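These notes concern the structure reproduced below.
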Amino acid sequence: METKKKHIVVIGAGYGGITAVLRLAKQFSRQSEIQVHLVDKNNYHLLKTQLHEAATGKKQVAIPIDRLLRRYNIVFHLDEVTGIEPDRKFIHTEHGQLHFDILVLALGSQTNFYGIPGLSEHAFTLQSLRDVQGIHDHISKHCALAASEPNEQNRKAILRFVIGGGGLSGVELAAEIADLSARCTRSHRVNSAEAEIIIIEAGTSLLPHLGESLSERVKRELSEKGVTIMTDTKIISLSVDAVTLSSGKTLMTKTLVWTGGIQITDMFKESQIKTGGLGRILVDEYLRAVDYPFIYAVGDNALAINPITGKPVPTSAQFALQEGKLVADNIHATTVGTKCKPYAPSAMGEVVGLGRHLAAGWLALPFKKKLSFAGYMASLIGTAIQEKHIFQLRKLSRNWTMR
Ligand SMILES: Cc1cc2nc3c(=O)[nH]c(=O)nc-3n(C[C@H](O)[C@H](O)[C@H](O)COP(=O)(O)OP(=O)(O)OC[C@H]3O[C@@H](n4cnc5c(N)ncnc54)[C@H](O)[C@@H]3O)c2cc1C
Numbered sequence: 001m002e003t004k005k006k007h008i009v010v011i012g013a014g015y016g017g018i019t020a021v022l023r024l025a026k027q028f029s030r031q032s033e034i035q036v037h038l039v040d041k042n043n044y045h046l047l048k049t050q051l052h053e054a055a056t057g058k059k060q061v062a063i064p065i066d067r068l069l070r071r072y073n074i075v076f077h078l079d080e081v082t083g084i085e086p087d088r089k090f091i092h093t094e095h096g097q098l099h100f101d102i103l104v105l106a107l108g109s110q111t112n113f114y115g116i117p118g119l120s121e122h123a124f125t126l127q128s129l130r131d132v133q134g135i136h137d138h139i140s141k142h143c144a145l146a147a148s149e150p151n152e153q154n155r156k157a158i159l160r161f162v163i164g165g166g167g168l169s170g171v172e173l174a175a176e177i178a179d180l181s182a183r184c185t186r187s188h189r190v191n192s193a194e195a196e197i198i199i200i201e202a203g204t205s206l207l208p209h210l211g212e213s214l215s216e217r218v219k220r221e222l223s224e225k226g227v228t229i230m231t232d233t234k235i236i237s238l239s240v241d242a243v244t245l246s247s248g249k250t251l252m253t254k255t256l257v258w259t260g261g262i263q264i265t266d267m268f269k270e271s272q273i274k275t276g277g278l279g280r281i282l283v284d285e286y287l288r289a290v291d292y293p294f295i296y297a298v299g300d301n302a303l304a305i306n307p308i309t310g311k312p313v314p315t316s317a318q319f320a321l322q323e324g325k326l327v328a329d330n331i332h333a334t335t336v337g338t339k340c341k342p343y344a345p346s347a348m349g350e351v352v353g354l355g356r357h358l359a360a361g362w363l364a365l366p367f368k369k370k371l372s373f374a375g376y377m378a379s380l381i382g383t384a385i386q387e388k389h390i391f392q393l394r395k396l397s398r399n400w401t402m403r
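Just so it is clear: in the sequence shown, position 343 is 343 by my numbering, and no numbers are missing.
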């Protein structure tokens, strides 16, 4: 790598990272002394918010990186980051090391198993393309296995699909699995009434942050799809064919998908970068690591504080996108000597997909008002939000023939 140049390295090509890197490349396109790099362990941008739909075979959720970057001078490194040396300004990867002058941390989050016995060994997770392919194949295979299983109890265990965690991804996945298992059992001529989808949630309700009426609506729609909801219940342990609950009950099952918690890579703590809750990086109002002004963090990695509420900005794609854009603008401003902008998170709304043609959610209106909606219209709004990200990626990448 040429050392005369100034190297801006973005690690992670998720919502925050891809937005930051494309915007940086655009802003510095006329400055040959700046080289922008992107490092990711995968050669695609994963649409993580749609993973539950991919798990049931409905959607393609990976956009090849080369299609996104091809109109820009961005050096892409297909490599896994294994360590960061902030003082020496190097990142370490599986295949070597890379010097940076400015670093953007955008590695997202991983599943947190909270040390629950058997969970990391036997549960499916919902974080990657491989995860969703595994879930889809497993459910399809188990519907087929049920068709040739003569014992009713065994058949029910084969068709009992358990989701650990009643947050956004758990709820969306349960609804999709309900649709998939209905389809699969029908095509294998298995009695669909024997299939059971169960959400196990430690809290007192599903998605309480949506407010009581939307949360109740979600519950009602799930019940109509045949999803059983067990709140106030924790998973105590998991084996290859049973899950034990805090109620003392044991459910026989071959399928548990754990969506109950996330954590951030330990790499940041090991690098002596200051972190807070969940291992997220403590950042200032410009999204710079508090102790390293040349390191920025975005998305799930950044523990940004909402200046109005004084609370941490939630881990979510919409905030990752806003932060990726702001960080690119602030890096550009710092480089050309103009004023940086502080982060002012703005919640546009939230839509919870509830399977085929169904969703519930809200959109932000002027004067801090909210518009709540549910049903078919809500699913159209959800699709429009997903399409907006694709549209913006196409625009940002100047690639109008992406699909
Ligand atoms: C199933 C599911 C559904 C969700 N639904 C919603 C939703 O409806 N709305 C919403 O707002 N949010 C949703 N979220 C949360 C949202 O997806 C995350 O908050 C968002 O993806 C965070 O963006 P990010 O840029 O921080 O990281 P990510 O999008 O996770 O991207 C991280 C990138 O880093 C790469 N990477 C990770 N580790 C390494 C490494 N060591 N070396 C190299 N590369 C690495 C990954 O390959 C990935 O490309 C959902 C999450 C899940 C799992």
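Ideal Cβ placement from N, Cα and C applies to all residues, glycine included. Just so it is clear, the structure is predicted and the values come from calculations on it, not from any experiment.
For the options I11, I139, E201 and S215, the alpha carbon positioned closest to that of H188 is the one of I139.
Set against 7 angstroms, the gap from the CB of V290 to the closest heavy atom of ligand 1 is not smaller. Taking 8 angstroms as the cut-off, the beta carbon of V9 is found closer than this to the beta carbon of L103. Judged by their CB atoms, I74 and G164 are not nearer to each other than the 8 angstroms cut-off. Residue environment for D232: exposed (fewer than 16 other C-beta atoms within 10 angstroms of its C-beta).
Within the same chain, A20, V104, L287, Y296 and V298 come within 7 angstroms of V327 by CB-CB distance, once the 5 residues on both sides are set aside.
Relative to ligand 1, even the nearest heavy atom lies 7 angstroms or more away from the CB of A333. Three or more beta-carbon pairs separated by less than 8 angstroms are not found between the region 148-156 and the region 319-335, which leaves the two stretches without contact. Contact annotation: H122 and S246 have beta-carbon atoms that are not nearer than 8 angstroms. Taking a cut-off of 8 angstroms for Cβ pairs, the region 108-115 and the region 248-264 touch, as three or more such pairs fall below it.
In the DSSP secondary-structure assignment, D40 is bridged to L78. Uninterrupted alpha helix (DSSP H) stretches at least 4 residues long and entirely within the region 26-73 occur at 51-55 and 65-69, given in chain order.
With distances taken between CA atoms, K325 lies nearest to Y343 out of K339, G310, T315 and Y343.
Ligand 1 approaches Q127 closely enough that one of its heavy atoms is under 7 angstroms from the residue's Cβ. Cβ atoms of E53 and E176 come within 8 angstroms of each other, at about 6 angstroms.
In the structure shown, P293 adopts extended strand secondary structure according to DSSP, grouped into three states. Short note on Y286: C-beta not closer than 7 angstroms to any heavy atom of ligand 1. No heavy atom of ligand 1 is found nearer than 7 angstroms to the CB of H389. In the DSSP secondary-structure assignment, V162 is bridged to I198 and L256. With a cut-off of 7 angstroms, the C-beta of V298 is classified as near ligand 1, since at least one heavy atom of the ligand falls inside that distance.
Counting along the chain, Q97 sits inside the beta strand (DSSP E) bounded by residues G96 to H99.
Looking at the DSSP output, P312 bridges to I305.
Per DSSP, L245 lies in no alpha helix (DSSP H); the unbroken beta strand (DSSP E) holding it starts and ends at A242 to L245. Around the CB of Q133, fewer than 16 other CB atoms lie within 10 Å, so the residue is classed as exposed. For G349, the beta-bridge partners assigned by DSSP are L363. Between H37 and D101, the beta carbon gap of about 11 angstroms keeps them out of contact (Cβ cut-off 8 angstroms). If you draw a 10 Å sphere on the C-beta of I390, you find fewer than 16 other C-beta atoms in it, and that means exposed. Non-local beta-carbon contacts of R160 in its own chain, meaning distances under 6 angstroms to residues more than five positions away in sequence, involve E196 and T253 in chain order. Set against 7 angstroms, the gap from the CB of K269 to the closest heavy atom of ligand 1 is not smaller. Within the same chain, V351, A359, A360 and G361 come within 7 angstroms of A378 by CB-CB distance, once the 5 residues on both sides are set aside. Taking each of I200, K156, T204 and E201 in turn and checking the Cα distance to S181, the smallest one comes out for K156. For N301, the number of other beta carbons within 10 angstroms of its own is at least 16, and it is reported as buried.
In this chain, the beta strand (DSSP E) harbouring G375 covers K369 to G375.
Taking 4 residues as the minimum length, the alpha helix (DSSP H) runs contained wholly in the region 96-181 are 119-122, 129-147 and 152-158, in order along the chain. For L303, same chain residues with a beta-carbon under 7 angstroms away, outside a window of 5 residues either side, are G276, G277, R280, I281, L282, V283 and P312 in chain order. Per DSSP, H7 is one residue of the beta strand (DSSP E) stretching across K6 to I11.
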